[in-house]
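Numbering (our numbering), first residue to last: 464 to 870.
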């Protein structure tokens, strides 16, 4: 509600006759109603039922006990009005029944953006330990969108956590899809980040009810492109004379034959290379995203690329094996490479991982379980996301059918 609109506030003292204390007295409660919002608390005072006036909301009689109690109730009333005036003057603070009651109780309500900023700061301090920089940037973006949403929809700089309800969540989702032009799955990622902060609030008892309870969000199936055998061969064999594009092409191909995600190949060092008892070379590296171990036998195509950049590896101060550019630059250069190679698909760093899972591994009858170990998946459901139905895999299966009818 806008500040300029007329506010209506009432303060009522009443007793709970059905909740008598051990001494036979009824607890006295305070009910604050502000613009149809209600907040109630017990005021840590009690009275015999027959000594209370429900009509006047005070103690009956003129004895010392009644006078002291009524004086105490009046002091509370004045304090509530004072807090209300302070909140009205504080343009950054919301004027709600809960906000007034929390301030009166000496327990100022936690604010959404305040808690979200604290969460992001803690995540930022754990970059390299529990989080990568990209994840923290995504949390920062969600926080920015929430700030913009509150300004536009509520004309507020922040909002108390207890005031967040299902309507707020749905309105934020609508804002993401309309004002920020987020596609469904992108909007859901911001909703997921928002929900994480709400779970923290619930865990700390800063909010009593989960505003997400009963809400259902459905992600849309996304089919990420992968290269065909012919396209992969075309990229590998294409003579590229521009050094920056040649490096990007080589690292892309390396990921196609290892299944490494971009963040993992950018951190690949000699310590991640293992030679087994039979002399086979492996990449054994913990994935940055899932902390699951990848077990990747090095194919000759990947070995050739490591050999090509051995001079870089020997002189790199961080011990990195490959000259990996930023994800943004890599994706930009991959567009140029696609044009050079006559490939119409949108090439990104993740296309390489999909190509590895589908064309290089699954299409060549590597089992789903082994692909999961190579890719560092925690369970097979993650691997099935990559299990595209390829024409070649259908033909491979149909060969068994053909053979059975030839007998």
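C-beta: ideal position from N, C-alpha, C; glycine also.
None of the values given here were measured: they were computed from a predicted structure.
Each residue's CA atom was taken as its position, placing residue 561 and residue 679 some 28 Å apart.
Taken in chain order, the whole alpha helix (DSSP H) runs of length 4 or more contained in the segment 570-651 are 575-588, 596-612 and 629-641. When beta bridges are read from the DSSP output, residue 747 appears opposite 758. Residue ranges of uninterrupted beta strand (DSSP E) with 3 or more members, entirely inside the segment 703-751 and ordered along the chain, are 736-738 and 744-749.
With contact defined as three or more Cβ pairs closer than 8 Å, the segment 766-784 and the segment 724-733 are in contact. Here the alpha carbon of residue 525 sits roughly 31 Å from the alpha carbon of residue 547. From the listed residues 536, 508, 822 and 865, the smallest Cα separation to residue 694 is found for 822.
Distance between residue 510 and residue 487, taken at the CA atoms: about 8 Å. Rounded to whole angstroms, residue 725 and residue 677 show a C-alpha spacing of 37 Å. With contacts defined by Cβ atoms closer than 8 Å, residue 701 and residue 768 do not form a contacting pair.
Counted as a single uninterrupted DSSP element, the alpha helix (DSSP H) harbouring residue 778 occupies residues 773-778. Sixteen is the threshold: when 16 or more other Cβ atoms of the shown chains lie within 10 Å of the Cβ of residue 820, as they do, the residue is buried. Put simply, of 493, 626, 839 and 621 the residue whose alpha carbon is nearest the alpha carbon of residue 755 is 839. In the DSSP assignment, residue 503 forms a beta bridge with 494. In the DSSP assignment, residue 563 falls within the alpha helix (DSSP H) that extends over 560-567. For residue 803, the secondary structure class from DSSP, reduced to helix, strand or coil, is helix. The beta-carbon distance between residue 479 and residue 492, rounded to whole angstroms, is 6 Å. This is short enough to meet the 8 Å contact definition. In the displayed model, residue 476 falls within a strand according to three-state DSSP. Setting aside the 5 residues that flank it on each side, residue 632 is surrounded in the same chain by 654, 657, 674, 675 and 678, each with a C-beta closer than 8 Å to its C-beta; the list follows chain order. According to the DSSP assignment, residue 814 belongs to the alpha helix (DSSP H) that extends over 812-818. Between the segment 611-621 and the segment 631-646, the count of Cβ pairs shorter than 8 Å is three or higher; the stretches touch. Per DSSP, residue 669 has no beta bridge partner at all. Annotation for residue 547: the continuous alpha helix (DSSP H) segment containing it runs 527-552. According to the DSSP assignment, residue 693 belongs to the alpha helix (DSSP H) that extends over 692-700.
Ranked by Cα distance from residue 533, the first of 743, 476, 552 and 558 is 476. If the five residues before and after residue 711 are omitted, its C-beta is found closer than 7 Å to the C-beta atoms of 788, 793, 796, 797 and 800, all from its own chain and listed in chain order. Here the alpha carbons of residue 621 and residue 577 stand approximately 8 Å from one another.
For residue 650, the CB contacts under 7 Å within the same chain, skipping 5 residues up- and downstream, are 636, 639 and 640 in chain order. Per the C-alpha coordinates, the member of 727, 717 and 739 positioned closest to residue 818 is 717. As computed with DSSP, residue 837 is found in no beta bridge at all.
Residue 807 and residue 736 have their alpha carbons spaced roughly 35 Å apart. In this structure, DSSP gives residue 785 a state outside helix and strand, which the three-state scheme calls coil.
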